[in-house]
Structure formats: structure tokens, C-alpha cells
Amino acid sequence: GAVVGILGGGQLGRMLALAAARLGLRCHVFDPAPDAPAAEVSAHHTCAAFDDAEALRAFGAAVDVVTYEFENIPTAALDLLEGLCAIRPGREALRVSQDRLTEKDWLTGLGLACAPYADVPDRAAFAAALKRVGAPAILKTRRFGYDGKGQMRVTSAEADLPDAPAILEGVVPFEAEISVIGARGPDGSVACFDPGRNVHEGGILRTTTVPAGLPGSVLTDAVIQTGRILNALDYVGVLGVEFFVVQGGLIVNEIAPRVHNSGHWTQDGCTICQFEQHVRAVAGWPLGDGARHSDMVMTNLIGDDVSRVPDLARDPACALHLYGKAEMRAGRKMGHVNRRVGG
Ligand code: ATP
Ligand code: MG
Ligand code: MG
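Read in order, the letters of the sequence shown correspond to residues 8 to 350 in the UniProt record's numbering.
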């Protein structure tokens, strides 16, 4: 059977590998950490850095298709893999999403609404940027941010700023946050999961709830916008789109060219989950039916939340997903629990 290469061996890679195994596919994970969560559930693990050209070439030659669990794959690594194996989703999705400024320009060009934003290449550009987007605002590093890292809320031009290329975004007074996990197959077919409602704490996703409890028109619009993004990128695989719901419509917060934390509920709320859907798409299988059969609340187990596991394990409505991380750290995602509600 086909060998699926996965760049990045964190929990997303691990759950991709588990889904691939169920389809009879073998995974080969590339991750510098010897104890990467995906490594122990994959047939092969290349334990090397993303700038190790020799290791990358051998990896590319050993797999049929390469996919990834994070968007910050160095361009040089992709250049090396190009030609050795298919890269799915394709490089355009990475180009767009690796840099918040590029991403917002691209989304705006597609006619989608983003928060007011301005480029802040250096400290000197900050005051004018703040004037343009208005206070309060959020300064975000253009690259490498996740879980709210590299962000700071600013209210005045005197703020003490980090020295990295950044963008400044106006604070959106949202009523709710939702996300759509969408999939597109190599034949151009599109399937989206039900939009979920997300609650963040300290910049980290805490819970996702489906159904989202918002008007059908809003949810349909979110799905349509996700379909437009998938088609415009000629995308193959699963993509997450985060939205702010405001009076009068939707604002796209960001896109992630991969399986997404806010899609974890699909593991126990749908016949085909986001991980299987992604593997199907990148391996050239038909997309599965992602219809939701249960109402769900997904809760991340962050840091010492894992101490709740014995109790959660006794709850018949809970499905536990633990990532096998040896070391617990504050703010670290250790697992999640999908709780079936109602019905
Ligand atoms: P991840 O990739 O892990 O989702 P991230 O580090 O890329 O997170 P963002 O999604 O940009 O971070 O922001 C994290 C959270 O901070 C958002 O989900 C939202 O709750 C809040 N936030 C970010 N930008 C804005 C904004 N412009 N207005 C209001 N809230 C915001
Ligand atoms: Mg992000
Ligand atoms: Mg986000």
C-alpha cells in the first residue's frame, strides 16, 4: 500500500497516523524529537532536523505522498521534497498561511472580510499602524505564532514592543468564534464538517461545541466561505478556517492548512473524522461523509488538566484522546475529551 509521509510528529501527526493505520496505510513521520507523539504509532520515524537535506531526501524517496501537521515547514525543505513525492496540500496553501500579512492580503483579495490590519515591519512603523487600525489592537508576529504566542494587546503608541516583523490587528468585538473544518479531494469535491463554536482562554482553544447554536444563515455562510478558500487554493486535504461572528456577518480570523484542534470533536461526532478525511484526500481516496451524528463538546486537556483523566474515564459520555506526552508542562496540550451531550 501507499506510504504517507507526515512532516511533524505532534498530536496532530499522531492522530493522522492512527487514522491512516485504520485505512491500512503506513506512515513515515519526520520530526526532530526522538519521543514525538506520532512516532510510536507510525511504521517509520526519521528523527532529524528540518534543515537536514540528506534526511529529507531519503524521506521524500521513501514515501508516496507527503503531508504535514503544521504550517511552518521551511521553504528549503519543501524545495528538497518537490519532485521526490507529491506534497498535499500543495505549496500555495503554505505560502499563503505561513505569514499573517500574506494571508490577510490573500483573503482580502478573495473578497472575504478580515479584521482591520496594518503591516508593522519595525518599531518605527507602529504609531502610524495604530492610528490606522485604531485602539485597542493586537500586535501579532507575522510568522510562527500559535496558541496565542507572539501576541500582545496594545492600547497606546508607547507600548513596549518586541522586535520582529509583525502585523497590527484591530480588536474585533465578536459575539462568538466559530470554525469550519473543510476538506477538498483531488477531484475538486468539497465536504465541510458542521461549524463548531470555539471558546479560547489566554489565546488557547479551550472548548469546541457543536451544534454552534447560531442562525443557520451564519453557519451556511461560513461553509460557503470555506469552500471558496479551498477552491481558490486548489486545495487537497483538510483545512481549518477560524471566524469571528459579528453583527452583520463573518470575519475570517485565520486559516490553517491542516487538521485543526477545533475539529477534534469529529472523532466521536461523525462517521468519518477530520483525520480520516485528510488521509483520504491526500491519498487520493474519495472523501467520506462527514455528517454529524451526535451533539458534542470537545475540551482540551491542558497542563495539569490531565489529572482529571481518571474521573473522565469513568464517564460513559466521554471519549478520551491522550497524546502520550511524557512530560507535562503548563499550557501544553496533553489530550482532549469529546463529550456526547443530549440524545
Ligand atoms: P492558533 O493558531 O493556535 O489558533 P494563534 O496563535 O494563531 O492561535 P489567533 O487565532 O490569531 O492566534 O488568536 C488567538 C485568539 O485570540 C483568537 O481565537 C481570539 O479569541 C483572540 N483574537 C485574536 N485576534 C483577535 C482580534 N483581532 N480581535 C479579537 N480577538 C482576537
Ligand atoms: Mg494560528
Ligand atoms: Mg487561531
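Glycine is no exception: its CB is placed at the ideal position from the N, C-alpha and C atoms. No experiment lies behind these values; they were computed from the predicted model shown.
Legend entry - Where Arg347 sits in the DSSP three-state scheme: Within the sequence shown, residue 347 is the residue found at index 340, counting from 1. If DSSP states are grouped into helix, strand and coil, Arg347 belongs with the strands.
Inset, instruction - Closer than 8 Å by C-beta to Gly141: which residues in its own chain qualify, once you throw out the five before and the five after it? Chain order, please. - result: Residue 141 sits at position 134 when you count from the first residue of the sequence shown. So the qualifying residues of the chain are Pro123, Gly177.
Legend entry - According to DSSP, residues forming a beta bridge with Leu14: Here residue 14 is taken as the residue at index 7 of the sequence shown, counted from 1. The partner list for Leu14 (beta bridge, DSSP) reads Phe37, Tyr75.
Inset, instruction - Report the residue ranges of all beta strand (DSSP E) runs contained in full by the segment 119-144; include only those spanning at least 3 residues, in chain order. - result: 124-127
Legend entry - Near ligand 1: Ala136 beta-carbon under 6 Å from a heavy atom: Here residue 136 corresponds to residue number 129 of the sequence shown, with the count starting at 1. Not so, every heavy atom of ligand 1 lies at least 6 Å from the Cβ.
Inset, instruction - Find the nearest neighbour of Phe57 within the set Phe77, Asp71, Val72, Pro44, judged by alpha-carbon distance. - result: For the purposes of this step, residue 57 is taken as the residue at position 50 of the sequence shown. If we check each option's Cα against that of Phe57, Phe77 comes out closest.
Legend entry - Any non-hydrogen atom of ligand 3 within 6 Å of Glu184 CB: As a first step, residue 184 must be located in the sequence shown, where it is residue number 177. Every heavy atom of ligand 3 is 6 Å or more from the Cβ of Glu184, so no.
Legend entry - Candidates Leu240, Gly203, Gly209, Ile211, of which the one nearest Gly223 by Cα: Against the sequence shown, residue 223 aligns to sequence position 216. Selected option, being the one with the closest Cα: Gly203.
Inset, instruction - Scan the segment 166-217 and note each continuous beta strand (DSSP E) run of 3 residues or more that stays entirely inside, going in chain order. - result: 173-177, 183-191, 197-199, 203-208, 211-217
Inset, instruction - State buried or exposed for His35, treating a residue as buried only when at least 16 other CB atoms are found within 10 Å of its CB. - result: Indexing the sequence shown from 1 puts residue 35 at position 28. Looking at its Cβ environment, which holds 16 or more other Cβ atoms inside 10 Å, His35 is buried.
Inset, instruction - Flag this pair as yes or no: are the beta carbons of Phe282 and Met22 separated by less than 7 Å? - result: Within the sequence shown, residue 282 is the residue found at index 275, counting from 1. Within the sequence shown, residue 22 is the residue found at index 15, counting from 1. In contact: Phe282 and Met22 (Cβ atoms closer than 7 Å).
Inset, instruction - Examine the Cβ distances between the segment 309-322 and the segment 37-56 and report whether three or more of them are shorter than 8 Å. - result: no
Inset, instruction - Give the secondary structure of Lys111 by DSSP, where H, G and I count as helix, E and B as strand, and everything else as coil. - result: On the sequence shown, position 104 is the one that residue 111 refers to. Three-state DSSP puts Lys111 in a helix.
Legend entry - Within 7 Å, strictly: CB atoms of Ile258 and Val206: As a first step, residue 258 must be located in the sequence shown, where it is residue number 251. As a first step, residue 206 must be located in the sequence shown, where it is residue number 199. Cβ distance not < 7 Å, so Ile258 and Val206 don't count as in contact.
Inset, instruction - Please go through the same chain and pick out, in chain order, the residues whose beta-carbon is closer than 6 Å to the beta-carbon of Leu108, but skip the five residues on each side of it. - result: As a first step, residue 108 is located in the sequence shown; it is residue number 101 there, counting from the start. Result list for Leu108: Asp126, Arg149, Ile174, in chain order.
Legend entry - Heavy atom of ligand 2 within 6 Å of Tyr153 beta-carbon: Within the sequence shown, residue 153 is the residue found at index 146, counting from 1. Flag set: Cβ of Tyr153 near ligand 2.
Inset, instruction - Over the uninterrupted beta strand (DSSP E) stretch that includes Glu249, give me the two end residues. - result: The residue labelled residue 249 in the question sits at position 242 within the sequence shown. It spans 244-253 - the beta strand (DSSP E) in which Glu249 sits, taken as one unbroken run.
Legend entry - Runs of beta strand (DSSP E) wholly within the segment 276-338 (minimum 3 residues, chain order): 302-309, 325-329
Inset, instruction - Please report the Cβ distance between Ala239 and Leu117, rounded to the nearest whole angstrom; I am assuming they are in contact, meaning their Cβ atoms lie under 8 Å. - result: Here residue 239 refers to the residue found at position 232 of the sequence shown. Here residue 117 refers to the residue found at position 110 of the sequence shown. Between Leu117 and Ala239 the Cβ distance is about 6 Å, and since that is below 8 Å, they are a contact.
Legend entry - For ligand 5, residues whose Cβ lies under 7 Å from any non-hydrogen atom: Ligands in the displayed structure: ligand 1, ligand 2 and ligand 3; ligand 5 is not one of them.
Legend entry - Heavy atom of ligand 1 within 6 Å of Ile309 beta-carbon: Taking the sequence shown and counting its residues from 1, one reaches residue 309 at position 302. No, ligand 1 has no heavy atom inside 6 Å of this Cβ.
Legend entry - Distance CB(Ala134)-CB(Ala166) smaller than 7 Å: Position 127 of the sequence shown, counted from the first residue, corresponds to residue 134. Position 159 of the sequence shown, counted from the first residue, corresponds to residue 166. Taking 7 Å as the Cβ cut-off, Ala134 and Ala166 do not qualify as a contacting pair.
Inset, instruction - Give me the Cβ distance between Ala198 and Ala190, rounded to the nearest whole Å; I'm assuming they're in contact under 8 Å. - result: Taking the first residue of the sequence shown as 1, we reach residue 198 at position 191. Taking the first residue of the sequence shown as 1, we reach residue 190 at position 183. Their Cβ separation, rounded to whole angstroms, is 5 Å, which keeps Ala198 and Ala190 in contact under 8 Å.
Legend entry - Stretch pair the segment 235-251 + the segment 260-267: three plus CB contacts closer than 8 Å: yes
Legend entry - Whether Arg95 touches Val72 by CB criterion (7 Å): Residue mapping note: residue 95 aligns to position 88 of the sequence shown, counting from 1. Residue mapping note: residue 72 aligns to position 65 of the sequence shown, counting from 1. Yes, they are a contact pair.
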